[in-house]
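The structure appears right after this line, and notes come after that.
There are 6 protein chains.
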Amino acid sequence: DFLGALDEVKPLFGAAEEELGERIEGGIINFSTYIDDILEEGRLYINQVRKPDNSTPILSVALHGPPGSGKTALAAKMAIDSGFPFIKLVSPENMVGFSEMQKVQQLDKTFRDAYKSPLSVIVIDNIEMLVDWVPIGPRFSNTVLVALKVLLKKKPEKKGRRLLILATTTERTVLQQLDLFSKFDAEIAVPNVNTQAELANVLQHSGAFSDRDLQRAIGEIQEITGDTRIGVGVERVLKGIQTAKQDSDLPGRFARVMSNQISANRSLQA
Amino acid sequence: DFLGALDEVKPLFGAAEEELGERIEGGIINFSTYIDDILEEGRLYINQVRKPDNSTPILSVALHGPPGSGKTALAAKMAIDSGFPFIKLVSPENMVGFSEMQKVQQLDKTFRDAYKSPLSVIVIDNIEMLVDWVPIGPRFSNTVLVALKVLLKKKPEKKGRRLLILATTTERTVLQQLDLFSKFDAEIAVPNVNTQAELANVLQHSGAFSDRDLQRAIGEIQEITGDTRIGVGVERVLKGIQTAKQDSDLPGRFARVMSNQISANRSLQA
Amino acid sequence: DFLGALDEVKPLFGAAEEELGERIEGGIINFSTYIDDILEEGRLYINQVRKPDNSTPILSVALHGPPGSGKTALAAKMAIDSGFPFIKLVSPENMVGFSEMQKVQQLDKTFRDAYKSPLSVIVIDNIEMLVDWVPIGPRFSNTVLVALKVLLKKKPEKKGRRLLILATTTERTVLQQLDLFSKFDAEIAVPNVNTQAELANVLQHSGAFSDRDLQRAIGEIQEITGDTRIGVGVERVLKGIQTAKQDSDLPGRFARVMSNQISANRSLQA
Amino acid sequence: DFLGALDEVKPLFGAAEEELGERIEGGIINFSTYIDDILEEGRLYINQVRKPDNSTPILSVALHGPPGSGKTALAAKMAIDSGFPFIKLVSPENMVGFSEMQKVQQLDKTFRDAYKSPLSVIVIDNIEMLVDWVPIGPRFSNTVLVALKVLLKKKPEKKGRRLLILATTTERTVLQQLDLFSKFDAEIAVPNVNTQAELANVLQHSGAFSDRDLQRAIGEIQEITGDTRIGVGVERVLKGIQTAKQDSDLPGRFARVMSNQISANRSLQA
Amino acid sequence: DFLGALDEVKPLFGAAEEELGERIEGGIINFSTYIDDILEEGRLYINQVRKPDNSTPILSVALHGPPGSGKTALAAKMAIDSGFPFIKLVSPENMVGFSEMQKVQQLDKTFRDAYKSPLSVIVIDNIEMLVDWVPIGPRFSNTVLVALKVLLKKKPEKKGRRLLILATTTERTVLQQLDLFSKFDAEIAVPNVNTQAELANVLQHSGAFSDRDLQRAIGEIQEITGDTRIGVGVERVLKGIQTAKQDSDLPGRFARVMSNQISANRSLQA
Amino acid sequence: DFLGALDEVKPLFGAAEEELGERIEGGIINFSTYIDDILEEGRLYINQVRKPDNSTPILSVALHGPPGSGKTALAAKMAIDSGFPFIKLVSPENMVGFSEMQKVQQLDKTFRDAYKSPLSVIVIDNIEMLVDWVPIGPRFSNTVLVALKVLLKKKPEKKGRRLLILATTTERTVLQQLDLFSKFDAEIAVPNVNTQAELANVLQHSGAFSDRDLQRAIGEIQEITGDTRIGVGVERVLKGIQTAKQDSDLPGRFARVMSNQISANRSLQA
Ligand SMILES: Nc1ncnc2c1ncn2[C@@H]1O[C@H](COP(=O)(O)OP(=O)(O)OP(=O)(O)O)[C@@H](O)[C@H]1O
Ligand SMILES: Nc1ncnc2c1ncn2[C@@H]1O[C@H](COP(=O)(O)OP(=O)(O)OP(=O)(O)O)[C@@H](O)[C@H]1O
Ligand SMILES: Nc1ncnc2c1ncn2[C@@H]1O[C@H](COP(=O)(O)OP(=O)(O)OP(=O)(O)O)[C@@H](O)[C@H]1O
Ligand SMILES: Nc1ncnc2c1ncn2[C@@H]1O[C@H](COP(=O)(O)OP(=O)(O)OP(=O)(O)O)[C@@H](O)[C@H]1O
Ligand SMILES: Nc1ncnc2c1ncn2[C@@H]1O[C@H](COP(=O)(O)OP(=O)(O)OP(=O)(O)O)[C@@H](O)[C@H]1O
Ligand SMILES: Nc1ncnc2c1ncn2[C@@H]1O[C@H](COP(=O)(O)OP(=O)(O)OP(=O)(O)O)[C@@H](O)[C@H]1O
Ligand SMILES: [Mg+2]
Ligand SMILES: [Mg+2]
Ligand SMILES: [Mg+2]
Ligand SMILES: [Mg+2]
Ligand SMILES: [Mg+2]
Ligand SMILES: [Mg+2]
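Residue numbers (my numbering), protein chains in the order written: chain A, -15 to 254; chain B, -15 to 254; chain C, -15 to 254; chain D, -15 to 254; chain E, -15 to 254; chain F, -15 to 254.
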């Protein structure tokens, strides 16, 4: 039978019970007011779906932004804070080695399961990787893509079932080119750590920097890059702090690591 | 046998008995005189097929327009209002996970079934998705495409059988490039909500806006976008109203949501 | 065995006994002197093949022209008027769902059957669709293409067998690019309804227009399009007449329908 | 076993015993001194291979020229006139429906058979079609191409075996792009009927034209095309004579048919 | 079962027990201060992973540089010097003839094995060859690529397990285009032997050159290339020394061999 | 089992025991000092590998040059003159009809066999054909390419085993684009017969030309081509001598044949 093989499909890399909770273990730092705005907008969509008049049985939101900017963490936070009875993460991590058809089946199963609950959230992580997208060629899985297009628009067959879909991606333009982006009802942009003030917030929160080290680190970054703009994802900032902690010269090493990152990002944009 | 597998082909995502009626549950708002003109033109084609002299045994009409502009709803309305004994929706939603050959078989079966009735309407929804079309590459299913080309031109073998085909698409240009568009006998353009007056009609009909809120919302949209033109599908307008209803500042939130949409649409066109 | 599967190959869409006669049921209207010239040229080729001295055992003619201009009807007329004992239509309609190899086998069988008769005509309809040609890509079936190239040049093995091949296509340039066109011995261009006088001939023949309505319709077309040229296939003219008949304002509706068509054709050419 | 399936491979379109003799049934007309030169050059290569000192165990010659210029007829003539004990035609006609591997096996078998004889000629007809070459894409069979490259260079394993390969093609440039042309030891260009004098030779030889008709036909061609150059393959000239014979106005019809051909050829070159 | 076939997958070219130690058998020459800096940076990352607070459970570093510059040797040195209990080399050498899925399974197995140890290093050698990347086309294995992307980001499921990944590549730009480079936490550039002083260090260390021969060799290189820059990988320098040793004129031959190499590298960059 | 099928893989075109000796049957003519230099350089590499200190366990040399310039003959000469106990030719001739995997297995087997001997030479002939490279597309076998890349760099697992690889190719640029060329340790350019003096050497050596005929032939070539440069591979020169010997006018025919060749080569380069 067409769905028969499904139960035997096991993720190749470890177990499937990835918990959304793990994604926000370190807590969310409000290093900028944008973080609050994003979470606020998330609450709005959750309430729209929650509304008992059933006017919005399905709603899909795309969180897009640069690598390591916190997209997955923020989507996980929204999902968990919703308090909806069904919450599920769909991630390429759990589908490595799947055929295209197995991915479609996994997606189908997740959506069916969601529609068994009155209120559900599905987080689709790295949606461009789910369709195996690679910039060279470009290549991607048409089968998975078409399935996603349909699932994002397909209303629940049973009345009273309501679903919020949160998808993350670093590749907004790609989704547009794949004609997938237009299937979303809303989009939320997740920004990098962009200003010196925002960077200072993260450093302070880490507890690793004295005030003087913090000033020196930021000052040296400006000197090396010749610019006050940062433009680095929060993940790299946090990892950079850890690397710097191994060095006797904490602020100096941090400044060098960050500056390299800033330059690399810039040359990618040029 | 060549057709043997057909009966076992079941749609992967839920049941196949999608009803056309569901597509017009919310009713059609006549927010512009174009809506009336479109339905009037639909009646003309229905009558041409209905004519007992058999001069037009098969007629195909392509409804094209931007996403969420109401193409499917209008095609569903025409089909239901025809009163023809056989009415059927062919939709990619019910064919996810089908192979190309299974799609062709499903199409073939639908057309055969239609020709068992003296008067029939087939609505082919999102015809560009039915051929798995993706703008990158571009890619599409040649097998399904060729089958559609033939089916749109193939006269019923039995005398006295007559068929109207209504197809919807967001991708008129693509159908032209695929040499599929020229197989249609007629085309109907379905427009966005384009003017402030049209938008006001939709808002008024929703019952969610007081007259003052309505004025404020439209005024703020003009302020933010710097333009009196709207250019958004009716679906987004209706969903935007629902989102705004979650906010304490209804007209303000609506204006922001709409303005984002208007800008996004514009940047796509640029 | 290599040919074993052939007998089991059944066309997916209905029976294979498509009759050439059906294609000229409505009769041929001599709306222009070109129609006579074409039929005359057809007679010439038929006689060249008929000639008992066997100097031309195989002759192939490509009828090319815009969609709905009458290519198939004219080829059918030539074939039937030849009085040759073996007449056969090869059409993509009867090969939907065939694999490339099944198509080649079907072609092979038709040519073998033809060579069992002393004098034969094979009409190959929409030859560009037979090779699954699609402008995007572009794509096509190389296997079928190569088989056609060989069949168009391959002389009968048995002496005294003679064959005329009439092929139709909307895609002369494509056939040239596929290096298929050069395999034909001759070509015949089938034109659109191009002048107001030709259009008047068709309208008069339909019996649906009074003289005044005819003048008004043509006048309005000129007004709307700003041009005296028509450039529409006879098929669309005939279908347009049927649509207009559903409207209370026959000439007005006809003028609008035709003008749309004229503009669409023009924009395609630009 | 790897070669096991070979014996069961039967050509799809009729028997394989195509005779080279059939290709020169109508005789070779020496319409130009080039024809003599070509046959003379052929004799030279035949003698080089025939030479008992075994200095040239394998020699390959490519005959290239426009469609219908007589390449196959001239290669057949050379092969037959050589008097070599083994003469074989390899033609795409006898390989329609073959897989790539079956073609390679057929080629292999032919070359093995040839090496069983002390002196052999293999004529490979339409070598670009043998590799399934199509200008769009472009596409071709890499497997067959590589096999041909090897076979053209592979010396007989057994001493005293000698082989001449004559290949025909309309696509010299293509063979160069496929890096197949450089594998040939020599090339011979086969020309069209190019001048009025050459055309007159062919017409005279046909016996269908009186001197006056001949003058009139050539004069009218010059008038219609505005040019004294002809540039048409001898095959088309001969077929054109047959078509014209069906018309009451022999020279007039011939002039029109030829002029069309001349224009078509010219527009292809432009 | 999905992983069942894995144990039977044996590398086609020899045994899999390639030892990292073999890669640094000849010892590392500190021909430039860069070599020290690189090894120092390696120690930093090793300590970051070693840190008991588990703040960096997974860290990935890309070593990139020209062919034969010492990437694999330096990665091997870092891995061995770490003293981590689990050290493993993943190399295309051991996967020739593997299917894409077998490669993914091999990768998966290595990472699982690594996560059985508290502290692990995996060296992925020539990562661009692991994805079968070829510049023409370009082509690569999407399946392996997606698996690598996931593995570089996937945190260990079990707490307290920590992993350092060292990958080598000559194709930094390619990895960027494949969107694989952004998955790495850090990058280290490995340089060529670039200056005359660096070259002299290598020559001296080899013990093959007297001081005068060394001067002469370097002088002649400058004369031939017209430049003081070298720009050759240390591997080619070492092999060049061996070649030169076969010649009676050691410095002369060495100068010629190096100069050829220098010119070849330059023309590649131009 | 993975290697099981190997023994059954038999070359399609004749036996595999192609002897390297056959490639130099006619002897090497030292028509230029380059020939000596090439053989001398070959001896150097052979000695480097032969050296008992095991400093160069594997060495690969690419011989590249125009078609028929003598690459295979020179590689065969080097291999045979080395006196190494294991000498093997790997040639596309013996792999026609092999699948990609079968080619990889054959390569693997040859290298394993080589490593059973202390000193080995493998000649890989026409390496660009081994990877099925075709300029159109371009196309090639990625599987074979990756296997070659690995084999060229993979050191013997057993100590004391040493291997020299000599590869020939007409396509140096292609190998660079495939990133295969950089895997070679050294390259040797094999030139055409380029000057009149070099051509005279070959003619004299053939014994077919009197001094006067030789002068006349070279003089006429210069007259026809308007140039003193020759630029033709030695193979074509030798074959041209044989062709000319069939003609009563030996020098005249030779001059014409050579001039055609010279022009053809030039137009290829333009
Ligand atoms: N605002 C934040 N405050 C503190 N930590 C954060 C914040 N956002 C993200 N992080 C942390 O940074 C790391 C990376 O975040 P996350 O994975 O959500 O980013 P991402 O944008 O999804 O990255 P990717 O592009 O790789 O998918 C995680 O460890 C996460 O917990
Ligand atoms: N004129 C209208 N008045 C009121 N509601 C409408 C109107 N047209 C469409 N709708 C509603 O808007 C929503 C979207 O309409 P519909 O699905 O027909 O649009 P569409 O153009 O087919 O969209 P898509 O491009 O996604 O296929 C539906 O809920 C439908 O009922
Ligand atoms: N000269 C004519 N007079 C009257 N009717 C005609 C004439 N030519 C064609 N028709 C009618 O027009 C319709 C379309 O003609 P036909 O199918 O031959 O056109 P076509 O050029 O083959 O179209 P297509 O491009 O779709 O293959 C048919 O119903 C046919 O009977
Ligand atoms: N010189 C000639 N004199 C008379 N008839 C000729 C001559 N050359 C060719 N023909 C005849 O013309 C016809 C076509 O010739 P042939 O098939 O050899 O041409 P071709 O160049 O091989 O064509 P194609 O490009 O289609 O392969 C044949 O009937 C052949 O007998
Ligand atoms: N700094 C060094 N000092 C001495 N020998 C070195 C040094 N670096 C590398 N080598 C030696 O040079 C040879 C090539 O080095 P290695 O394989 O590490 O280079 P690579 O950059 O990985 O090359 P590839 O680009 O081919 O992968 C090895 O034999 C290695 O031992
Ligand atoms: N220097 C030489 N002197 C005499 N004969 C030679 C010389 N070089 C090559 N030949 C002869 O020329 C012929 C072609 O040489 P060979 O096959 O080695 O050339 P190649 O460069 O390998 O050609 P290809 O590009 O086709 O592989 C052979 O018969 C060979 O014996
Ligand atoms: Mg994420
Ligand atoms: Mg719709
Ligand atoms: Mg037709
Ligand atoms: Mg021919
Ligand atoms: Mg390396
Ligand atoms: Mg060679």
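For every residue, glycine included, the Cβ atom is placed at its ideal position computed from N, Cα and C.
Looking only at I202/D, G236/D, E207/D, K223/D, the smallest Cα-Cα distance to S44/C is reached by K223/D.
Only exposed fits A181/E, as fewer than 16 other CB atoms lie within 10 angstroms of its CB. Residues of the same chain with a CB within less than 7 angstroms of the CB of L129/F, apart from the 5 flanking positions on each side, are V115, L162, L164 in chain order. Against R123/A, the close residues of chain E are N126, in the order they occur along the chain (beta-carbon pairs closer than 7 angstroms). Here Y99/D is not near P36/D, since their CB atoms are 7 angstroms or more apart. At least one C-beta of chain B is nearer than 7 angstroms to the C-beta of T227/C.
Per DSSP, T179/C lies in no alpha helix (DSSP H) and is assigned neither H nor E.
One finds nothing in chain E with a Cβ atom closer than 9 angstroms to the Cβ of V221/A; even the nearest lies about 12 angstroms away.
Setting aside the 5 residues that flank it on each side, N249/F is surrounded in the same chain by G215, each with a C-beta closer than 6 angstroms to its C-beta; the list follows chain order. DSSP places V74/F in no alpha helix (DSSP H) but in the uninterrupted beta strand (DSSP E) bounded by 70 to 74. Applying a distance threshold of 6 angstroms between residue Cβ atoms and the heavy atoms of ligand 10 selects K55/D, T56/D, D109/D, N110/D, T152/D, given in chain order. Counted as a single uninterrupted DSSP element, the alpha helix (DSSP H) harbouring I111/B occupies residues 111 to 114. In the DSSP assignment, V216/A falls outside any alpha helix (DSSP H) and carries neither an H nor an E. Per DSSP, E25/F lies in no beta strand (DSSP E) segment; the continuous alpha helix (DSSP H) that holds it begins and ends at 17 to 34. Of all residues in the region 96 to 124 of chain A, only M113, D116, V118, P119, I120, R123 come within less than 7 angstroms of chain E when Cβ atoms are compared, listed by chain position. Taking the C-beta atoms as reference points, N176/F is found nearer than 7 angstroms to P50/F.
Counting along the chain, the unbroken beta strand (DSSP E) around V105/D starts and ends at 103 to 108. Following the DSSP letters along the chain, one finds L47/B inside the beta strand (DSSP E) bounded by residues 42 to 48.
At least one heavy atom of ligand 4 falls within 6 angstroms of the beta-carbon of V218/D. For V80/F, the three-state secondary structure derived from DSSP is coil. Going by C-alpha positions, I64/F is about 8 angstroms away from L4/F. Note on geometry: alpha-carbon atoms of K72/F and V118/C lie some 50 angstroms from one another. Taking 7 angstroms as the cut-off between beta carbons, the residues of the region 157 to 171 of chain E near chain A are Q161, L162, D163, S166, D169, in sequence order.
P76, E77, V80, G81: these are the residues of the region 74 to 90 of chain F whose beta carbon lies less than 7 angstroms from some beta carbon of chain D, given in chain order. As a beta-bridge residue in DSSP terms, E171/A pairs with A46/A. Assignment of R237/F by DSSP, reduced to helix, strand and coil, places it in the helix class. Only P51 from the region 46 to 74 of chain B bring a Cβ to less than 7 angstroms from some Cβ of chain A. Three or more beta-carbon pairs drawn from the region 204 to 212 of chain E and the region 230 to 241 of chain E are found closer than 8 angstroms, and the two stretches are therefore classed as touching.
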